[in-house]
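S.K.: Residues 4 to 682, numbered by my numbering, are exactly what the sequence shown covers, in order. Yeah, the Cβ is synthetic: ideal placement off N, Cα and C, and Gly gets one too.
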Amino acid sequence: MAQHRRRRTTALALGVPLILTAAGGLAYGVLPGSQPRASATTAAPAWATATADGFASVNALGQNGTYGGRDGQIVTVKTLADLEKYATASEPYVIVVAATITMDPVGKEIKVQSNKTIVGSGTSGQIVGGGFFLGSGVHNVIIRNLTIRDAYQGVWNDKEHDFDAIQMDGAHHVWIDHNDLRHMADGLIDVRKDSTYVTVSWNKLSQDNKAFGIGWTENVVTDITIHHNWIRETEQRNPSTDNAAHAHLYNNFLEDVAGTDINSSYGNYSRGATRMVLENSYFQGFKNPVIKDSTASIVQKGNTFVGTSGRNESGGTAFDPKTYYAYTLDKTADVPALLKSGVGPRSSIGTTATASTKAAAATTLTVAKDGSGQYATVQAAVNAVPANNPSRVVISVKPGTYRELVKVPSNKPHVTIQGSGGSRNDTVIVYNNASGTPKPDGSGTYGTGGSATVAVEADDFQARNLTISNDFDEASHQDIAGQAVALRTAADKVFLDGVIVSGDQDTLLVDTAAKEKLGRVYMTNSYVIGNVDFIFGRATAVIDKSVITLKKRWNGTSAGYVTAPSTAAGRKGILIANSTVNGDVSSASFYLGRPWHAGGDASLDPQTTVRNTSLSAAIKSTPWTDMSGFSWKDDRFAEYKNTGAGSGAASSNRPQLTDAQATGQEVADWLGDWTPSSS
Numbered sequence: 004m005a006q007h008r009r010r011r012t013t014a015l016a017l018g019v020p021l022i023l024t025a026a027g028g029l030a031y032g033v034l035p036g037s038q039p040r041a042s043a044t045t046a047a048p049a050w051a052t053a054t055a056d057g058f059a060s061v062n063a064l065g066q067n068g069t070y071g072g073r074d075g076q077i078v079t080v081k082t083l084a085d086l087e088k089y090a091t092a093s094e095p096y097v098i099v100v101a102a103t104i105t106m107d108p109v110g111k112e113i114k115v116q117s118n119k120t121i122v123g124s125g126t127s128g129q130i131v132g133g134g135f136f137l138g139s140g141v142h143n144v145i146i147r148n149l150t151i152r153d154a155y156q157g158v159w160n161d162k163e164h165d166f167d168a169i170q171m172d173g174a175h176h177v178w179i180d181h182n183d184l185r186h187m188a189d190g191l192i193d194v195r196k197d198s199t200y201v202t203v204s205w206n207k208l209s210q211d212n213k214a215f216g217i218g219w220t221e222n223v224v225t226d227i228t229i230h231h232n233w234i235r236e237t238e239q240r241n242p243s244t245d246n247a248a249h250a251h252l253y254n255n256f257l258e259d260v261a262g263t264d265i266n267s268s269y270g271n272y273s274r275g276a277t278r279m280v281l282e283n284s285y286f287q288g289f290k291n292p293v294i295k296d297s298t299a300s301i302v303q304k305g306n307t308f309v310g311t312s313g314r315n316e317s318g319g320t321a322f323d324p325k326t327y328y329a330y331t332l333d334k335t336a337d338v339p340a341l342l343k344s345g346v347g348p349r350s351s352i353g354t355t356a357t358a359s360t361k362a363a364a365a366t367t368l369t370v371a372k373d374g375s376g377q378y379a380t381v382q383a384a385v386n387a388v389p390a391n392n393p394s395r396v397v398i399s400v401k402p403g404t405y406r407e408l409v410k411v412p413s414n415k416p417h418v419t420i421q422g423s424g425g426s427r428n429d430t431v432i433v434y435n436n437a438s439g440t441p442k443p444d445g446s447g448t449y450g451t452g453g454s455a456t457v458a459v460e461a462d463d464f465q466a467r468n469l470t471i472s473n474d475f476d477e478a479s480h481q482d483i484a485g486q487a488v489a490l491r492t493a494a495d496k497v498f499l500d501g502v503i504v505s506g507d508q509d510t511l512l513v514d515t516a517a518k519e520k521l522g523r524v525y526m527t528n529s530y531v532i533g534n535v536d537f538i539f540g541r542a543t544a545v546i547d548k549s550v551i552t553l554k555k556r557w558n559g560t561s562a563g564y565v566t567a568p569s570t571a572a573g574r575k576g577i578l579i580a581n582s583t584v585n586g587d588v589s590s591a592s593f594y595l596g597r598p599w600h601a602g603g604d605a606s607l608d609p610q611t612t613v614r615n616t617s618l619s620a621a622i623k624s625t626p627w628t629d630m631s632g633f634s635w636k637d638d639r640f641a642e643y644k645n646t647g648a649g650s651g652a653a654s655s656n657r658p659q660l661t662d663a664q665a666t667g668q669e670v671a672d673w674l675g676d677w678t679p680s681s682s
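Here's what the structure looks like:
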């Protein structure tokens, strides 16, 4: 062919925050089927028994912390009727949402009753066109890992509709965690009418006029903790906190992106008699980032302000949150990167095994260059995996540079290659073959696919916390082609989490075992680096919450193509979502993609969708182009709600999905019945 970081783990006696895996995934679980799975008498998965931190963990009002439906059955729902049935029941339930559920009528808010956990199954749990309502006296409710979106009715400052994502009036002990809330009619979260003992953590709130309102009563009652939330492209109520007895805000990231139609009016607002403690939060581009009424208090500690303007206020007396609960602050400088990779629904899912569901324990093989492991090379460890192994084998690779070729053959499924260092930069697998490099046995030269440093042909493969690179020196080898693959996948259910895949031309080849076979790849919290067609192939591939870094060519020029899909007709191609495209290259020098009809196959229908992604000025204003006589306009190329200097308005040369079309081009649509899970 012609080319996020680990989070601190905390354990408390009560109100313990969810333990996070080294790869940044949540300890949630995936439950197949739709029947209740019980369990008061059986040990439940860790995510079903998770309890809140912050004020939601405090014992008060007859409620000992917030633990949701852990004492009830676990049920999986895929329809509105089932979701409403269990959410409104009087009994406790853990309700796993495993599909996109559209509210009918638009704006419907399900009236959740006490003692419920509502949790999305990986990234597939989505609520469209409505949300949840927690009324007076409702308590002990957890809402986690969901996308709640798109009740917007076409009026920006909507006074006619009250279609919130999550609204509570007089509720207590509520935990809202790791959700993606966006594009609703009115607000995203409303905590009203003396609702209290609430924690809101690790959520993304975006694309809305009003993000997050608190209060609307003369009583000074509400106790609320708001931490590790990314509030982005919202105009007001970020949050607005009215008459809160104790409002503790820390490690939040408030971002107003320059050059967009959404402009912030204000950031954190302390109103009425609110007492607010605001710590180690990061404000970027916001107008009036911190404001208060003359009657309110704000105590600021360790916050950072970049490109902000207008009011930035503090004063009065507040309180010491540690008299109510323990917590640990992340460094303010780390907050943007930490939240960009860590907020919202997580696809990395693990379960706590029970006596009846426990799978075979993973086997771990260690690799170390210095001889301290079982094997000195990664390939030697792969060779040691038995053919047709029935369960997970983890190849733990100690820090170092491993200059070798690695192939995981098709008869060795369930293999994980994982760096054991503190960073994905610590463990590097690298080689320098290219298309045209002579094979050592004299049998000819490598082709593009054969040049891969790491080749994966086995299903259910995982890689994490390492770098896979091809460092072929184009400048010294102008006699052969520049295609030099770092990672080639030709399998189904390939999960790449927290990795760097680096090269120049043809860096990441996402392929399938055969044209008629499905091959799904999910990459998250990762980096892909290259310059020409460097994400390419016929797989159904998702690049999510990652960074795509554009690189100059060997001679210092800036020109290239991010994607070159060769998708079979009727299949999903390449989806880039919730990511960033940037790099030290010239402005308007890179295309987002072009159609690769491999072998001149006119039956192919290449597809790339780029959505909800920040595009640098390096992207051309006409971001798609033809290839080898095939017009991109005859295939499937589109964008949706991208931002940044490289984004642009819809035109005949820049197709944009409608909101209706975008509902069918979410991450979950690409992955189908597969929810990637760390194991």
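(1) Which residue marks the beginning of the beta strand (DSSP E) containing Asp-629, and which one marks its end?
(2) Count the C-beta pairs between the segment 661-674 and the segment 111-122 that are closer than 8 Å, then say yes if the count reaches three, no if not.
(3) Which value, in whole angstroms, describes the spacing of the CA atoms of Ala-567 and Val-531?
(4) To the nearest angstrom, how far is it from the Cα of Ser-124 to the Cα of Thr-678?
(5) Can you tell which of Lys-114, Ile-130, Phe-136, Pro-108 has the C-alpha that lies nearest to the C-alpha of Val-100?
(6) Name, in chain order, the residues that DSSP records as bridge partners for Thr-543.
(7) Out of Val-158, Ile-622, Trp-178, which has the shortest C-alpha to C-alpha gap to Leu-137?
(8) Can you check whether the CB of Ile-432 is closer than 9 Å to the CB of Val-397?
(9) Go through its chain and collect everything with a Cβ distance to Ser-93's Cβ below 7 Å, but skip five positions before and after it.
(10) With DSSP run on the structure shown, which of helix, strand or coil describes Phe-58?
(11) Taking Cβ positions, are Trp-673 and Ala-544 nearer each other than 9 Å?
(12) Alpha carbon to alpha carbon, what distance is there between Thr-527 and Ala-387?
(13) How is Gly-675 classed by DSSP in three states: helix, strand or coil?
(14) Gly-684 lies in the alpha helix (DSSP H); which residues open and close that run?
(15) Assess contact between the segment 260-273 and the segment 366-384, defined as three or more Cβ pairs (one per stretch) separated by less than 8 Å. Is contact present?
(16) For Pro-35, count the other beta carbons within 10 Å of its own beta carbon; 16 or more makes it buried, fewer makes it exposed. Which is it?
(17) Using the rule of at least 16 other Cβ atoms within 10 Å of the residue's Cβ for burial, across every protein chain shown, is Leu-64 buried or exposed?
(18) Mapping the DSSP letters down to three states, classify Pro-324 as helix, strand or coil.
(19) If you draw a straight line from the C-alpha of Trp-635 to the C-alpha of Arg-574, how long is it?
(20) If I measure Cβ to Cβ from Asp-495 and keep anything under 6 Å in the same chain, skipping five residues before and after, which residues do I get?
(21) With a threshold of 16 other CB atoms inside 10 Å of the CB of Pro-685, please say whether the residue is buried or exposed.
(22) Going by the DSSP bridge assignment, what does Phe-289 pair with across the sheet?
(23) Check whether the segment 389-404 and the segment 439-446 are in contact - that is, three or more C-beta pairs closer than 8 Å.
(24) Less than 8 Å between C-beta atoms, sequence neighbours within five positions excluded: which residues of the same chain meet that for Gln-66?
(25) Could you give the first and the last residue of the continuous beta strand (DSSP E) run that contains Asn-271?
(26) Would Gln-508 be called buried (16 or more neighbouring beta carbons within 10 Å of its own) or exposed?
(27) Opposite Tyr-449 in the DSSP bridges: which residues?
(28) If I measure Cβ to Cβ from Thr-228 and keep anything under 6 Å in the same chain, skipping five residues before and after, which residues do I get?
(29) To which residues does DSSP link Trp-159 through a beta bridge?
(30) Which stretch, first to last residue, makes up the beta strand (DSSP E) that contains Tyr-434?
(31) Determine whether the beta carbon atoms of Val-459 and Leu-490 lie at a separation below 9 Å.
(32) Does DSSP put Gly-193 in a helix, a strand or coil?
(33) CB-CB under 6 Å to Lys-111, same chain, minus the five flanking residues each way: which ones, in chain order?
(34) By a C-beta neighbour count over all protein chains shown, 10 Å radius and 16 as the cutoff for buried, is Gln-303 buried or exposed?
(35) Would you identify the three-state DSSP class for Trp-635, choosing helix, strand or coil?
(36) Using beta-carbon positions only, say whether Asp-629 and Pro-609 come within less than 9 Å of one another.
M.R.: Here's the rundown:
(1) Walking along the sequence shown from the start, residue 629 turns up at place 626. Run containing Asp-629: none; DSSP gives neither H nor E here.
(2) no
(3) Translated into positions along the sequence shown, residue 567 becomes position 564. Translated into positions along the sequence shown, residue 531 becomes position 528. About 14 Å.
(4) Translated into the one-based positions of the sequence shown, residue 124 becomes position 121. Translated into the one-based positions of the sequence shown, residue 678 becomes position 675. Approximately 7 Å between the Cα atoms of the pair.
(5) Position 97 of the sequence shown holds residue 100. Comparing Cα-Cα distances from Val-100 to each of Lys-114, Ile-130, Phe-136, Pro-108, the minimum goes to Ile-130.
(6) Against the sequence shown, residue 543 aligns to sequence position 540. In DSSP, Thr-543 forms a bridge with Arg-523.
(7) For the purposes of this step, residue 137 is identified with residue 134 of the sequence shown, where counting begins at 1. Nearest of Val-158, Ile-622, Trp-178 to Leu-137, Cα basis: Trp-178.
(8) Counting from one through the sequence shown, the residue named residue 397 turns up at place 394. Counting from one through the sequence shown, the residue named residue 432 turns up at place 429. No. Outside cutoff.
(9) Your numbering for residue 93 matches position 90 in the sequence shown. Correct list, in chain order: Gln-116.
(10) As a first step, residue 58 is located in the sequence shown; it is residue number 55 there, counting from the start. The answer is helix: DSSP assigns Phe-58 an H, G or I state.
(11) Stepping through the sequence shown from its first residue, residue 673 is reached at position 670. Stepping through the sequence shown from its first residue, residue 544 is reached at position 541. Their beta carbons are under 9 Å apart, which means Trp-673 touches Ala-544 by this criterion.
(12) Position 384 of the sequence shown, counting from 1, holds the residue named residue 387. Position 524 of the sequence shown, counting from 1, holds the residue named residue 527. Each residue's Cα considered, the two are about 28 Å apart.
(13) One-based indexing of the sequence shown puts residue 675 at position 672. If DSSP states are grouped into helix, strand and coil, Gly-675 belongs with coil.
(14) Within the shown structure, residues of the chain are numbered from 4 to 682, placing residue 684 beyond reach of any answer.
(15) no
(16) As a first step, residue 35 must be located in the sequence shown, where it is residue number 32. Low confidence applies to Pro-35: its pLDDT is 27, below 50, so where it sits in the model is not reliable, and the reading given next is rough at best. Classification of Pro-35: exposed, given that the 10 Å Cβ count is below 16.
(17) For the purposes of this step, residue 64 is taken as the residue at position 61 of the sequence shown. The residue in question, Leu-64, is exposed, as its Cβ has fewer than 16 Cβ neighbours within 10 Å.
(18) Taking the sequence shown and counting its residues from 1, the one referred to as residue 324 is at position 321. Helix.
(19) Translated into positions along the sequence shown, residue 635 becomes position 632. Translated into positions along the sequence shown, residue 574 becomes position 571. Taking the straight line from one Cα to the other gives about 17 Å.
(20) Sequence index remark: in the sequence shown, residue 495 carries index 492 (1-based). Excluding sequence neighbours, Asp-495 sits near Asp-462, Leu-521, Gly-522, Arg-523.
(21) Residue 685 lies beyond the residue range present for the chain, which begins at 4 and ends at 682; the question has no answer from this structure.
(22) Indexing the sequence shown from 1 puts residue 289 at position 286. Answer is none; Phe-289 lacks a bridge partner.
(23) no
(24) Indexing the sequence shown from 1 puts residue 66 at position 63. Same-chain partners within the cutoff: His-142, Asn-143, His-175, His-176, Tyr-200.
(25) Walking along the sequence shown from the start, residue 271 turns up at place 268. Start and end: 271-274.
(26) In the sequence shown, counting from the first residue as 1, residue 508 sits at position 505. Counting Cβ neighbours within 10 Å, Gln-508 comes out buried, since at least 16 surround it.
(27) Numbered from its first residue, the sequence shown carries residue 449 at position 446. DSSP output for Tyr-449 lists no bridge partner at all.
(28) Position 225 of the sequence shown, counted from the start, is the residue given in the question as residue 228. Once the five neighbours on either side are set aside, the close Cβ partners of Thr-228 are Gly-57, Phe-58, Thr-202, His-251.
(29) By 1-based counting over the sequence shown, the position of residue 159 is 156. Beta-bridge pairing links Trp-159 to no other residue.
(30) The residue given as residue 434 occupies position 431 in the sequence shown. Element bounds for Tyr-434: 430-434.
(31) Within the sequence shown, numbered from 1, the residue matching residue 459 stands at position 456. Within the sequence shown, numbered from 1, the residue matching residue 490 stands at position 487. Yes, the Cβ-Cβ distance between Val-459 and Leu-490 is below 9 Å.
(32) Taking the sequence shown and counting its residues from 1, one reaches residue 193 at position 190. One detail in the question is off: residue 193 reads as Asp in this sequence, not Gly. Strand, per DSSP.
(33) Locating residue 111 in the sequence shown gives position 108, where the first residue counts as 1. Around Lys-111: Gly-133.
(34) As a first step, residue 303 must be located in the sequence shown, where it is residue number 300. So Gln-303 counts as buried.
(35) The sequence position of residue 635 within the sequence shown is 632, counting from 1. Trp-635 falls in the helix class under three-state DSSP.
(36) On the sequence shown, position 626 is the one that residue 629 refers to. On the sequence shown, position 606 is the one that residue 609 refers to. No, Cβ-Cβ distance for Asp-629 and Pro-609 is not below 9 Å.
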